[in-house]
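Chains as they are written, first to last, in my numbering: chain F, 1 to 444; chain A, 1 to 464. For every residue, glycine included, the Cβ atom is placed at its ideal position computed from N, Cα and C. Encoded as structure tokens, the structure appears first; notes follow it.
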């Protein structure tokens, strides 16, 4: 890769030397670069159309399926999220985790349409229990790639890219939007975060980043007549851009003002109709549910949790604090979607870049190092409930040479399942060698 | 070998000097640009390329409320410490190049987990910002932050780790994109590119560096800053074949072999050029940069001399095409508003804008250029401008709309504003006067604030 991604692509020398009839070098650079930045170019020309199509959407019942991807940054410990409570696995669990083992008596059983006596939830994870017992959750208990390299950076990049490329030019959902989205509506693919999730990185169609509907407005302190200022700001972006950078500045600002204006027409965000907590993740999840209900054209969305999962030390306390919040927020999100009548359209995927070492360490009262085989969850009315893939076991005989879970399931099998069975598109459009990653029984 | 330089524009204008200080530094006030104008363009470039040894920092020391900065212990103070240097240093090119090198050797404290090491690496990059790249490469190869970041400290003859060997070739020194061949007019050649075997062999040669965790935690200050050491017993002493040459190579040999690789000079020069100029280097620039780099024994200064003198550096003065990285936007904003570090707000502003110093997103650095801009980050640039403008706006008294715009431009130190934008800002100033007539003191201040904000963080303000 070039060190400076996104600045410009190398130009064929034939063109630089003027061998293309009727195209000056400068024109070519300009045109080539603008095409490269089609993300922006396409949107600047047609902001008005975005909201026309959104309004049209609102007038007819919308049934398009949606993927929401939730990233647990740092490598969640699946084994203490979904605890092995019976047989040889439980004996191994007790032996290998003297510092952080959880008592099965405190853990929450898996009942409902697909009961399991092999596992129980972390004692604080009542939201997971609720979703599972209601038949709205599929569990993928040991998912990774081969060979797992235990690097945060590589693993996260691979998951986001949908291929084993540490410096990808696009993400798996970004490629899906390039194939199936439009050139006009950035809200079709939205990171409800500060920065763009790598999964959403697209090459031709526009995507949005929105951390807060409040943050979306272009106010300034002591400027009371905001409308006059902001309409001027928008007018500054409406011009024939002289170069790629100006095009990008005009389009990003124009898009952001346009999104701000669109949000203004939706009115204030009402109190959510579900029992969310009061952390930033809860706020962003309820904001997303509300945005989906407003039919602004969202097809794929990404959110990262607001705390880290890299439990090298003091895991018992740190993970419990998170398990008191994350499962509840997901249950609240599902309840929110159901209240709004849009739950049939959404599957929520929860993933982390890897799992953790089966043996614990004694750092800060007990922690775990990087491991393989993480836990992923698919949640929604449309999932096929239950344990959806193999759990390879944690006895000495089961583990790999480093003491990690073996990896019976590749993360791209989740993607091919969702892209094919849920979105109804050919996974091969988005995932290289898709045929090597057979779908799991995730979608009902 | 004689150094070669392009001919400077015959009659440079104020805009040329402003461009120079924007891209070779962090812009500045009218007086700071006048300082360079007084030297002429050639003299200004000479001053930037020959840093002052003393009285480098000018202006009041940074502080966060009542306390001094504490970069080792307070969140964000490391970023503020460096931002302050960008704002106050007379050696503007040194700081800008330190930033460029931080982006090239992108090392993140998220992986290192040791601010002391990060600050040490920052000093190293600053020391060699205009200096000898071959020496810098040797130093950074066993820099403690880098040894932790790219697993050099975990690598041994028993289990050589390829991470640093790969990145030193792919990202830092040689490049891997076949498109480079055309972009460098064939100076970089895909046929001569390194292979996976070269990476593996170089990884073996690089073994031997280790990290003393106990000293890192409990040693003397010097030991805590640099607890690395070389252990012959961890080094693979066998023969290795790297780029077709066989020997019992060590880490030092790898550094020398990489710098001697025929693709290194074109790759590095091409990469450096892209930090300063938004259009690809023309053939004459590539030839001069490579000539000067190799001829000087791998010094960065004569390469920068080509870039800062090249006509393309001064192209499009009326339509600049380089996106301001967030750090540049904030540092320049402080300078142009004559402000200094007095709180930690700039740290969270930089984080929100997506460019926290010492935390590049990954080993390939920040995605530069238009990639800095998305619908959320442009809103963060706007917030930054709002913050930077706090306590700078007062009632200018009764003014015509044109005079109000002139006052606003002067207050933000005359940033580039296109004629089209100027016309629209005038329209705003006029319509504001009409719709709020008669203007009271608040109205006049409000109009000033909005005009300044629109110049700083409107679309023109994101470019330089």
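Just curious, the beta strand (DSSP E) that residue 173(A) is in, first and last residue? Unbroken run through residue 173(A): none, as it is neither H nor E.
Here's the rule: buried if 16 or more other CB atoms are within 10 angstroms of the residue's CB, otherwise exposed. What is residue 366(F)? buried
Starting from the N-terminal side, write out each stretch of the alpha helix (DSSP H) that is 4 residues or longer and does not extend beyond the stretch 319-350 of chain F. 326-339
Closer than 9 Å, CB to CB, is residue 430(A) near chain F or not? no
Three-state class that DSSP yields for residue 261(A) in the structure shown: Correct three-state label for residue 261(A): coil.
For the stretch 51-81 of chain A, list every residue whose C-beta sits within 8 Å of some C-beta in chain F, in sequence order. none
Whole angstroms is fine: what's the gap from residue 397(A)'s alpha carbon to residue 222(F)'s? Separation of residue 397(A) and residue 222(F) (C-alpha to C-alpha, rounded to the nearest whole angstrom) is 17 Å.
Would residue 247(F) count as contacting chain A if we go by Cβ distances under 9 Å? Chain A contact via Cβ: present.
If I measure Cβ to Cβ from residue 149(A) and keep anything under 8 Å in the same chain, skipping five residues before and after, which residues do I get? Excluding sequence neighbours, residue 149(A) sits near 107, 108, 111, 112, 363.
Can you pull the DSSP bridge partners for residue 356(F)? 370(F)
Please identify the residue among 190(A), 304(A), 40(A), 386(A) whose C-alpha is closest to the C-alpha of residue 276(A). The candidate whose alpha carbon is nearest that of residue 276(A) is 304(A).
Mind checking which residues open and close the alpha helix (DSSP H) that includes residue 257(F)? That run of the alpha helix (DSSP H) goes 244-265.
Report the option in 275(F), 311(F), 416(F), 227(F) whose CA atom is closest to the CA atom of residue 329(F). The residue among 275(F), 311(F), 416(F), 227(F) with its C-alpha nearest the C-alpha of residue 329(F) is 275(F).
Specify, as a first and last residue, the run of the beta strand (DSSP E) that residue 465(F) falls within. Residue 465(F) lies beyond the range of chain F shown here (1 to 444); nothing can be said about it.
What does residue 259(F) touch in chain A if you count any residue whose Cβ is under 8 Å from its own? 375
With distances taken from CA atoms, which of 214(A), 216(A), 323(A) is nearest residue 245(F)? 323(A)
Determine the burial state of residue 168(F): buried for a count of at least 16 other Cβ atoms within 10 Å of its Cβ, exposed for fewer. Label assigned to residue 168(F): buried.
Restricting to runs no shorter than 3 residues, where is the beta strand (DSSP E) found entirely within the stretch 208-250 of chain A? 209-211, 228-230, 240-242, 245-247
In angstroms, rounded to a whole number, what distance separates the CA positions of residue 66(A) and residue 139(A)? 37 Å
Proximity test, Cβ basis, 9 Å: residue 445(A) and chain F: yes
Count the other CB atoms, across all protein chains shown, that sit within 10 Å of the CB of residue 325(F); report buried if there are 16 or more and exposed otherwise. Buried, since its Cβ has 16 or more Cβ neighbours within 10 Å.
Check the Cβ of residue 229(F) against every Cβ in chain A and list those closer than 8 Å, keeping chain order. Those are 428, 450, 453, 454, listed as they occur along chain A.
Beta-carbon within less than 6 Å of residue 48(A)'s beta-carbon, same chain only, minus the 5 sequence neighbours each way: which residues are those? These residues qualify, in order along the chain: 24, 93.
Assign residue 152(A) to one of two classes, buried (16 or more other C-beta atoms within 10 Å of its C-beta) or exposed (fewer than that). buried
What residue from 307(A), 404(A), 353(A), 416(A) has the CA that sits closest to residue 387(A)'s CA? 353(A)
Starting from the N-terminal side, write out each stretch of the beta strand (DSSP E) that is 3 residues or longer and does not extend beyond the stretch 374-407 of chain F. 374-379
Under a three-way DSSP split, which group does residue 219(F) fall into? It is coil, neither helix nor strand.
What residues are listed by DSSP as bridge partners for residue 63(A)? 68(A)
Please list, in chain order, all residues of the same chain as residue 489(F) whose beta carbon is under 6 Å from its beta carbon, the five residues on each side excluded. Nothing about residue 489(F) can be read from this structure; chain F reaches only from 1 to 444.
Are the beta-carbon atoms belonging to residue 332(A) and residue 22(A) less than 9 Å from one another? With contacts defined as CB atoms closer than 9 Å, residue 332(A) and residue 22(A) qualify as a contacting pair.
Any C-beta of chain F under 9 Å from that of residue 249(A): no
Output yes if chain A places a C-beta closer than 9 Å to the C-beta of residue 222(F); else output no. yes
Please look up how many angstroms separate the CB atoms of residue 199(F) and residue 174(F), rounded, as I've assumed it's under 8 Å. 7 Å
At a Cβ threshold of 9 Å, is residue 306(A) touching chain D? Of the chains in the structure shown, none is chain D; the protein chains are F and A.
Chain A contacts made by the stretch 184-215 of chain F, where a contact means CB separation under 7 Å: 186, 194, 195, 196, 208, 209, 210, 211, 215
Between residue 9(A) and residue 281(A), is the Cβ-Cβ spacing less than 9 Å? no
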